[in-house]
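Engineer: The number in this note's numbering is simply the position in the sequence shown, starting from 1, with 11 added.
Following this message is one structure expressed as structure tokens.
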Amino acid sequence: MENLFDRVAVVTGGGDGIGRGIAHALAKVGVKVAVCDIDIEAAERVALELRLSGRESFSYYVNVVDADSMFALGQKIEKQLGPITILCNNAGVMLEGSIVNAPKFDWDWIFDVNLHGVVNGVNAFASLIKKNGGGHIVNTASMAGLTPPLQPDSGIYSSSKAAVVSYSENLSSELSKDGIDVSVLCPSRVNTRIWEANRNRPESYGRGRTVTKPEEAADSIDGMEVGPIVVRSILQSRFYIFTGDDVRMRIEKRNQQLMHDIKLHEDDLEPGSAWN
Numbered sequence: 012m013e014n015l016f017d018r019v020a021v022v023t024g025g026g027d028g029i030g031r032g033i034a035h036a037l038a039k040v041g042v043k044v045a046v047c048d049i050d051i052e053a054a055e056r057v058a059l060e061l062r063l064s065g066r067e068s069f070s071y072y073v074n075v076v077d078a079d080s081m082f083a084l085g086q087k088i089e090k091q092l093g094p095i096t097i098l099c100n101n102a103g104v105m106l107e108g109s110i111v112n113a114p115k116f117d118w119d120w121i122f123d124v125n126l127h128g129v130v131n132g133v134n135a136f137a138s139l140i141k142k143n144g145g146g147h148i149v150n151t152a153s154m155a156g157l158t159p160p161l162q163p164d165s166g167i168y169s170s171s172k173a174a175v176v177s178y179s180e181n182l183s184s185e186l187s188k189d190g191i192d193v194s195v196l197c198p199s200r201v202n203t204r205i206w207e208a209n210r211n212r213p214e215s216y217g218r219g220r221t222v223t224k225p226e227e228a229a230d231s232i233d234g235m236e237v238g239p240i241v242v243r244s245i246l247q248s249r250f251y252i253f254t255g256d257d258v259r260m261r262i263e264k265r266n267q268q269l270m271h272d273i274k275l276h277e278d279d280l281e282p283g284s285a286w287n
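Below, the structure written as structure tokens:
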């Protein structure tokens with residue numbers, strides 16, 4: 012996308028953290044922003060910030076797990092702001108704990124929000140974006156979805172984000188013919204309130220466990236710093252969007268293991284191998 016001015020963007024999880032940063036960065040280049048969040052008061056605060064800066068913005072309550080409400084949201088936004096061409100599926104939650112014998116409710120909550128919320132967003136908005144001449148979809152995953160996580164006991168979260176990466180890779184291939192670019196945002200550690208996600212956990216998923224915010228989070232980048240990176244990536248049609256200075260090291264570490272095991276596999280294929 013070469014010009015974002017006067018376009019309409021939907022940002023889920025827009026009331027805080029990375030979502031707030033994306034909303035501000037989009038508004039700064041002239042985008043009309045629909046700030047969507049399960050915490051409507053937080054969404055209202057961000058939308059007010061944007062309006063006070065001279066930008067057009069409205070706030071919307073949304074539970075990304077509810078597919079029907081996501082479809083209804085699209086119609087409402089287009090009536091107020093105009094044709095939607097940018098979607099940022101950013102809502103996400105996390106928890107701590109071993110993945111061995113983890114309660115099913117924990118798996119359900121994390122995957123319902125982090126993966127199914129993205130799927131619901133795409134299902135609700137991709138057809139609108141196509142109808143409006145194409146655009147861009149950004150799905151928020153994590154570096155933990157590409158490489159072994161830095162945060163211990165975050166296996167359920169990391170698994171959900173790995174699924175978002177794979178989903179986005181397939182989505183990019185499928186939507187390219189419709190003029191819709193796709194990006195997957197894989198931030199390294201960011202200082203946000205995701206550590207407090209349990210505050211919005213519905214009772215239907217059972218009681219959650221307290222997540223301990225790592226000390227390193229205080230020294231990591233702020234969500235507001237991620238927004239400009241996302242906008243720049245939309246303009247450049249990047250697929251993978253990174254934020255940290257540890258990306259190359261973490262990817263290379265994973266690739267070393269891959270290449271090691273590929274070499275063992277190739278050795279097995281050699282004539283005369285004990286396994287051939």
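Ideal Cβ positions, reconstructed from N, Cα and C, are used throughout, including at glycine.
All figures in this text were calculated on a predicted structure; none of them were measured in a lab.
1) Within a Cβ cutoff of 6 Å, which residues of the same chain sit near G190, ignoring the five residues on either side of it in sequence?
2) Let me make sure I understand the geometry here. Which of F69, I51, I49 and E13 has the alpha-carbon closest to that of H35?
3) Cα separation between V46 and G25?
4) Hey, out of I121, R18 and P114, whose CA is closest to G93's CA?
5) With DSSP as the reference, please indicate the residues paired to Y71 in a beta bridge.
6) Please confirm if the segment 79-99 is in contact with the segment 50-65, defined as three or more CB-CB distances below 8 Å between the two stretches.
7) What is the DSSP secondary structure of N150, counted as helix, strand or coil?
8) How close, in whole Å, do the beta carbons of L15 and V42 come, if the pair is a contact with beta carbons under 8 Å?
9) Short check: CB of V149 to CB of C99, under 7 Å?
10) Per the DSSP calculation, G108 is bridged to which residue(s)?
11) Which stretch, first to last residue, makes up the beta strand (DSSP E) that contains F253?
12) Below 8 Å, how does it come out for the segment 230-245 and the segment 168-181: are there three or more Cβ pairs, yes or no?
13) Short check: CB of I232 to CB of V201, under 7 Å?
14) Assign D79 to buried or exposed, taking buried as 16 or more other Cβ atoms, counted over all protein chains shown, within 10 Å of its Cβ.
15) So who's on the other strand from V193, going by DSSP bridges?
16) Nearest to I51 by CA position, among I140, Q267 and T23, is which residue?
17) Report the option in K264, H271, F250 and L246 whose CA atom is closest to the CA atom of E13.
18) Just to confirm, are S187 and I121 a CB contact at a threshold of 7 Å?
19) Can you tell me where the alpha helix (DSSP H) with V130 in it begins and where it stops?
20) If you run the structure through DSSP and keep just helix, strand and coil, what is V22?
21) Taking all protein chains shown into account, do 16 or more other C-beta atoms lie within 10 angstroms of the C-beta of M154, making it buried, or fewer, making it exposed?
22) Looking at the structure shown, is V201 part of a helix, part of a strand, or coil, going by DSSP?
23) Skipping 5 residues on each side, what residues in its chain have a beta carbon closer than 7 Å to that of G103?
24) Which of the three DSSP states is assigned to N100 in this structure?
25) Among the candidates Y72, V130, L139 and R66, whose CA atom is the shortest distance from the CA of I97?
26) Closer than 7 Å by C-beta to I29: which residues in its own chain qualify, once you throw out the five before and the five after it? Chain order, please.
27) Candidates Y216, S284 and V73: which alpha carbon is nearest K115's?
28) Identify the continuous alpha helix (DSSP H) that holds G30 and give its terminal residues.
29) Looking only at its chain, what residues have a beta carbon closer than 7 Å to the beta carbon of R249, apart from the 5 residues adjacent to it on each side?
Structural biologist: In short:
1) G145
2) F69
3) 5 Å
4) R18
5) C47
6) no
7) strand
8) 5 Å
9) yes
10) S165
11) Y251 to F253
12) no
13) yes
14) exposed
15) I148
16) T23
17) L246
18) no
19) G128 to K142
20) strand
21) buried
22) strand
23) G24, V124, N125, T151 and I205
24) strand
25) L139
26) N101, T151, P198, V201, T203, G234 and V237
27) Y216
28) G28 to K39
29) S194
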